[in-house]
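Peer 1: Pasting a structure below so you can have a look.
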Amino acid sequence: MSDTSRGPRKPGKPYRRPKKDPVRILAFEALRAVDERDAYANLVLPPLLRKAREKEGPDKFDGRDAALATELVYGTLRRQGTYDAVISACVDRPLREVDPPVLDVLSLGVHQLLGTRIPTHAAVSASVELARVVLGDGRAKFVNAVLRKVAQDDLDTWIERVAPPYDEDPEDHLAVVHSHPRWVVSALWDSLGGGRAGIERLLEADNERPEVTLVARPGRATAEELLREEAAVAGRWSPYAVRLAEGGEPGAIEAVRDGRAGVQDEGSQLVALALANAPLDGPDEKWLDGCAGPGGKAALLGALAAERGATLLASEKQPHRAGLVAKALRGNPGPYQVIAADGTRPPWRPGSFDRVLMDVPCTGLGALRRRPEARWRRRPEDLEGFGPLQRALLRTALDAVRVGGVVGYATCSPHLAETRAVVDDLLKQHPEAELIDARPLLPGVPDLGDGPDVQLWPHLHGTDAMYLALIRRTG
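Next up, the structure:
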């Protein structure tokens with residue numbers, strides 16, 4: 053099947069202006085921004101939604117429209133691998149030879165056909181109308197022909213057709229079925245261990261829409277206050293966490309607007325709480341967040357430090373991200389300082405701190421629920437770039453803490469090369485460092501493994517796949 057160019061209109065056939073659908077045009081614009089500018093959907097969508105509401109008016113673009121646009125964008129990105137395999141079976145060329153804007157319209161159409169309850173005729177006709185608006189009549193015909201092929205079967209039938217059998221190639225089967233790159237499937241499986249059931253549950257969880265979780269910053273807001281909001285329910289593990297049911301809007305909550313509360317995954321809250329509650333020998337007066345951007349953990353740590361009369365220094369290399377940290381900490385009830393500094397060449401003296409958090413840059417494979425496009429951007433070779441930086445930052449953290457103090461090494465990735473391999477290398481090179489069992493510092497949280505480090509999982513804990521190792525400096 054060919055992607056035909058726009059041709060002349062047939063004589064005598066009246067021209068019909070294509071119908072502009074603001075929801076699908078918005079979804080297409082978001083996908084183009086993700087593809088062309090390497091943008092993230094969670095950053096692109098909010099301004100596009102605001103623009104649509106202002107342009108169309110609340111009577112023509114309401115909450116249901118916003119919800120549909122959001123589902124179209126995130127659903128298409130999450131299932132991109134599966135949909136690519138289906139589309140590939142319906143065209144006569146490699147997908148790389150299909151123009152990216154055409155592929156985005158096709159993917160949106162396939163998601164409506166195979167991933168939503170939108171009726172088949174409506175999904176096809178709406179996608180063809182979108183193609184007429186953004187691509188032209190010629191390409192709209194191509195889109196129509198492809199989607200009519202796709203519409204002949206449901207998702208399960210297509211998967212049986214395009215995915216290799218599990219027994220022949222387990223990783224490739226899972227990659228197609230659950231829409232993850234093969235290397236990511238392999239890496240997650242290695243980190244998780246176990247058989248087929250566990251990895252399938254994890255991959256399925258990566259494709260589910262995550263809840264919005266709030267944090268009540270101690271001394272400024274309480275979970276009880278947030279629970280009075282509509283659609284709010286208590287967090288699972290953190291005493292400061294409150295979850296918003298589907299449709300809950302954080303920006304509509306006064307405490308969030310005031311900065312007394314924030315949006316923060318419960319896994320991130322648990323990391324900060326574990327470090328704050330780790331047993332110490334000696335004083336507990338000076339805390340450091342050595343990779344503080346964009347500021348969520350720093351804000352929680354700063355509030356916890358203030359309750360004990362301790363001071364937090366929040367350091368972030370990138371000045372614009374340091375600005376975000378300062379914004380998150382603004383109004384903190386106790387003393388703090390925010391600086392822009394390179395954590396591998398720190399301005400502070402060795403042994404200056406009692407507690408140090410080093411939440412290092414990583415591949416982000418633990419947050420694929422929230423940033424589904426990241427799975428398609430990352431490559432195995434990215435690990436080679438992060439590894440030396442992660443090791444350097446952890447060494448800096450150990451140097452920064454005093455004897456008897458504690459370092460928290462955290463990543464939002466479960467990849468073994470970014471977690472245990474980094475920590476093991478430090479322990480081999482520094483006999484003055486020892487691991488603390490982090491599991492008792494996450495009270496009530498099940499399925500934490502053999503320890504002493506902790507790996508959280510979306511399918512087991514409802515959090516991002518945060519990793520934490522607590523390390524005490526003994527000499």
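Here the working numbering is used: the first residue of the sequence shown is 53, the next is one more, and so on.
Here a beta-carbon is modelled for each residue, glycine too, at the ideal position from N, C-alpha and C.
Since this is a predicted model, take the numbers as computed values, not measurements.
#1: Report the three-state DSSP secondary structure of SER243 (helix, strand or coil).
#2: Give, in chain order, every unbroken run of the beta strand (DSSP E) that is at least 3 residues long and sits entirely within the stretch 291 to 315.
#3: Measuring only the C-alpha atoms, how far is ALA469 from ARG431?
#4: Rounded to whole angstroms, what's the CA-CA distance from TRP210 to VAL138? Just pull it up for me.
#5: Taking only runs that begin and end inside the stretch 156 to 225, name each unbroken alpha helix (DSSP H) of 4 or more residues, in chain order.
#6: Between LEU356 and VAL308, is the Cβ-Cβ spacing less than 8 Å?
#7: Does the beta-carbon distance from GLY342 to LEU441 come in below 8 Å?
#8: Any contact of the stretch 453 to 465 with the stretch 414 to 426, i.e. 3+ C-beta pairs under 8 Å?
#9: Are there 16 or more other CB atoms within 10 angstroms of the CB of LEU95, so buried, or fewer, so exposed?
#10: Per DSSP, which residues does LEU522 bridge with? Please list them.
#11: How would you write the range of the alpha helix (DSSP H) that GLN481 sits in, first residue to last?
#12: Sorted by chain position, which residues of the same chain lie with C-beta nearer than 7 Å to VAL390's C-beta, five sequence neighbours on each side aside?
#13: Per the contact definition of three or more C-beta pairs closer than 8 Å, is the stretch 250 to 260 in contact with the stretch 276 to 287?
#14: Buried or exposed: where does THR134 fall if 16 or more other Cβ atoms within 10 Å of its Cβ makes it buried?
#15: Between LEU83 and ALA485, what straight-line distance do the alpha-carbon atoms span, to the nearest angstrom?
#16: Residue range of the alpha helix (DSSP H) that THR274 falls in?
#17: Going by CA-CA distance only, name the one from ASP208, LEU487, GLU81 and LEU155 that's closest to VAL198.
#18: Do you know whose CA, among GLU276, ALA419, LEU340 and PHE405, lies nearest VAL4's CA?
#19: By the three-class DSSP mapping on this structure, what secondary structure does LEU147 have?
#20: Please list the terminal residues of the continuous beta strand (DSSP E) segment that includes GLN362.
#21: CB-CB under 7 Å to TYR126, same chain, minus the five flanking residues each way: which ones, in chain order?
#22: Per DSSP, which residues does TRP428 bridge with? Please list them.
#23: Does the separation of the CB atoms of ALA521 and ALA490 fall below 8 Å?
#24: Return yes when the Cβ of LEU494 is within less than 8 Å of the Cβ of LEU240, no when it is not.
#25: What are the start and end residues of the alpha helix (DSSP H) that includes VAL96?
#26: Report buried or exposed for LYS338, applying the criterion of at least 16 other Cβ atoms within 10 angstroms of its Cβ.
#27: Do VAL185 and LYS112 have their CB atoms nearer than 8 Å?
#28: Starting from THR265, follow the alpha helix (DSSP H) in both directions and report where the run begins and ends.
#29: Apart from the five residues just before and just after PRO74, which ones in its own chain have a Cβ nearer than 8 Å to its Cβ?
#30: Verify whether the separation of the beta carbon atoms of VAL176 and GLY190 is less than 8 Å.
#31: What does DSSP give as the partner residues of TYR126 in its beta bridges?
Peer 2: By the coordinates alone:
#1: SER243 carries a helical assignment under DSSP once its states are collapsed to helix, strand and coil.
#2: Within the stretch 291 to 315, the runs of beta strand (DSSP E) at least 3 residues long that lie entirely inside it are, in chain order, 293 to 296 and 313 to 315.
#3: Rounded to whole angstroms, the separation of the alpha carbons of ARG431 and ALA469 is 14 Å.
#4: So the alpha carbons of these two residues sit roughly 7 Å apart.
#5: Taken in chain order, the complete alpha helix (DSSP H) segments of 4 residues or longer contained in the stretch 156 to 225 are 172 to 186, 189 to 202 and 207 to 214.
#6: No, Cβ-Cβ distance for LEU356 and VAL308 is not below 8 Å.
#7: No, Cβ-Cβ distance for GLY342 and LEU441 is not below 8 Å.
#8: Touching, yes.
#9: Sixteen is the threshold: since fewer than 16 other Cβ atoms of the shown chains lie within 10 Å of the Cβ of LEU95, the residue is exposed.
#10: As a beta-bridge residue in DSSP terms, LEU522 pairs with GLY460 and ILE488.
#11: Under the DSSP assignment, GLN481 falls in the alpha helix (DSSP H) whose first and last residues are 472 to 481.
#12: Correct list, in chain order: ALA366, ALA374, VAL377, ALA378 and LEU381.
#13: No: the two stretches stay apart, fewer than three of their Cβ pairs being nearer than 8 Å.
#14: Result: buried.
#15: Computed Cα separation, rounded: 46 Å.
#16: Counting along the chain, no alpha helix (DSSP H) covers THR274, and no H or E run does either.
#17: From the listed residues ASP208, LEU487, GLU81 and LEU155, the smallest Cα separation to VAL198 is found for LEU155.
#18: For the chain, the structure presents residues 53 to 527; residue 4 sits outside this window and is missing.
#19: Helix at LEU147.
#20: The sequence given here places Ala at residue 362; Gln does not occur at that position. Here ALA362 belongs to no beta strand (DSSP E), and DSSP marks it neither H nor E.
#21: Cβ neighbours of TYR126 beyond the five flanking positions: ALA93, ARG261 and PRO424.
#22: As far as DSSP is concerned, TRP428 takes part in no beta bridge.
#23: A contact, by the Cβ cut-off of 8 Å.
#24: Taking the C-beta atoms as reference points, LEU494 is found no nearer than 8 Å to LEU240.
#25: From DSSP, the alpha helix (DSSP H) with VAL96 extends over 93 to 108.
#26: Buried, by the Cβ-count rule.
#27: No, the Cβ-Cβ distance between VAL185 and LYS112 is not below 8 Å.
#28: Where THR265 is concerned, there is no enclosing alpha helix (DSSP H), although the beta strand (DSSP E) it sits in stretches over 264 to 268.
#29: Closer than 8 Å at the Cβ level, and outside the excluded window around PRO74, lie ALA104, LYS107, GLU108, LYS112, PHE113 and ASP117.
#30: Contact: no.
#31: TYR126 is not bridged by DSSP to any residue.
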